[in-house]
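Engineer: Sharing a structure, written as structure tokens. Questions coming.
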Amino acid sequence: MPRLARQKKEDAIFHVMARSISEVDLFKDDTDKLNYLALVKKYQKTYEFRVYGYCLMDNHLHLIIDANGADISRIMHSINFSYSQYFNHRHKRHGHLFQDRFKSKMVKSEIYLYALSAYVHNNPCDIKGYENCPEKYEFSSLSIYLGLRHDPYELVDDGFIMGMFSKNSKRARESYMKLVYKCSDKVFKEEVEFLNEGTEYRSERKILIRNIKTKEILEFIATKLGIEKIKLHTKHCREIVEAKALAVLLMRSLCNLKCSEICRVLGNITQSRVSNLSSLGVKLLDDEKYKNITYEFMEQYA
1 MPRLARQKKE DAIFHVMARS ISEVDLFKDD TDKLNYLALV KKYQKTYEFR
51 VYGYCLMDNH LHLIIDANGA DISRIMHSIN FSYSQYFNHR HKRHGHLFQD
101 RFKSKMVKSE IYLYALSAYV HNNPCDIKGY ENCPEKYEFS SLSIYLGLRH
151 DPYELVDDGF IMGMFSKNSK RARESYMKLV YKCSDKVFKE EVEFLNEGTE
201 YRSERKILIR NIKTKEILEF IATKLGIEKI KLHTKHCREI VEAKALAVLL
251 MRSLCNLKCS EICRVLGNIT QSRVSNLSSL GVKLLDDEKY KNITYEFMEQ
301 YA
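So in the UniProt record's numbering the end of the sequence shown lands on 302, straight run, no missing numbers.
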């Protein structure tokens, strides 16, 4: 039976679900869960998407992602493919880890969005020891929402949903926690799904433009870093590695290009090299100099 086409929209928010095959847990221990979150952060830097909530369980996961103009399939393929490679290497196994494709559903109403986040954060109640205290579960963003702990990866935008409850943070947290405890699968399926289908979701969120021309990226990077643009197309030139890494990162993020397509733009470069340059570009964003360059470009063009 052919697969149904995945629903996509540039300004959409998605509920993403992924599950491991029946023979193996998706996460064998806390180290695996931490690695998955680190990968989400890595690709958040690459694709500039927003995360409104998450919960990692032993055999499945939930993410609430605002694609911010990016392709949700590309985002999730990057994260899950990288995690599968890590998992198989660490646990000395081969073959598939995830059960078929990840599932994603577009959020179509504001009510559905905050009820969905409560449902996701209610998941730890199924774990022994967390039935009455899901906020204590480390691998859920609920404790970040409630201000109980710092977000170690600066991954979650909790203010977007919490702002729907109240401008007063204390009042918002109290109201939100009541909703989390009230939430259950039955309520979610029977009431919240109806709300999602019946109400159109409108938002004033600013969405990144993803149809930037590669020429604009290459010219901007060359000018900002004081190099000749032609050097970005050369194969062996150590002095411009950082510039090429930033260019590759921006092309992946703002042009929606695959590694193979970036190869054709730069010329004389392999897909694995493009992938490595993209990873280097992500690391460079920890440096204020390079972070400011990318932000300046996005302000001008995206």
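The beta carbon of each residue, even a glycine, is placed where N, CA and C say it ideally should be.
Source: prediction; values computed, not measured.
1) From the DSSP output, which residues share a beta bridge with residue 98?
2) Please determine if the region 29 to 49 and the region 105 to 125 are in contact, where contact requires at least 3 C-beta pairs separated by less than 8 Å.
3) In three-state terms, what does DSSP make of residue 130?
4) Note down the Cα distance separating residue 101 from residue 163, rounded to an integer number of angstroms.
5) Provide the residue span of the beta strand (DSSP E) that contains residue 116, from first to last.
6) Which residues in the same chain have their Cβ closer than 6 Å to the Cβ of residue 280, if we skip the five residues on either side of it in sequence?
7) Pull up the CB-CB distance for residue 59 and residue 93, whole angstroms please, since I reckon it's below 8 Å.
8) Whose C-alpha, out of 22, 182, 52, 270, is nearest the C-alpha of residue 131?
9) Tell me the start and end of each unbroken beta strand (DSSP E) in the region 10 to 90 that is at least 3 residues and wholly inside, in chain order.
10) DSSP state of residue 156, grouped into three classes?
11) Determine, using beta carbons only, whether residue 274 and residue 249 come nearer to each other than 8 Å.
12) So, helix, strand or coil for residue 103, using DSSP?
13) Applying the criterion that 16 or more other CB atoms from any shown protein chain within 10 Å of the CB defines a buried residue, is residue 134 buried or exposed?
14) Check whether the Cβ atoms of residue 213 and residue 222 sit closer than 8 Å, and answer yes or no.
Structural biologist: Based on what the coordinates show:
1) 20
2) no
3) coil
4) 33 Å
5) Run containing residue 116: none in the beta strand (DSSP E); it sits in the alpha helix (DSSP H), 110 to 122.
6) 245
7) About 15 Å; that fails the 8 Å criterion.
8) 182
9) Complete beta strand (DSSP E) runs here, min 3: 13 to 19, 50 to 56, 60 to 66.
10) strand
11) no
12) Residue 103 falls in the strand class under three-state DSSP.
13) buried
14) no
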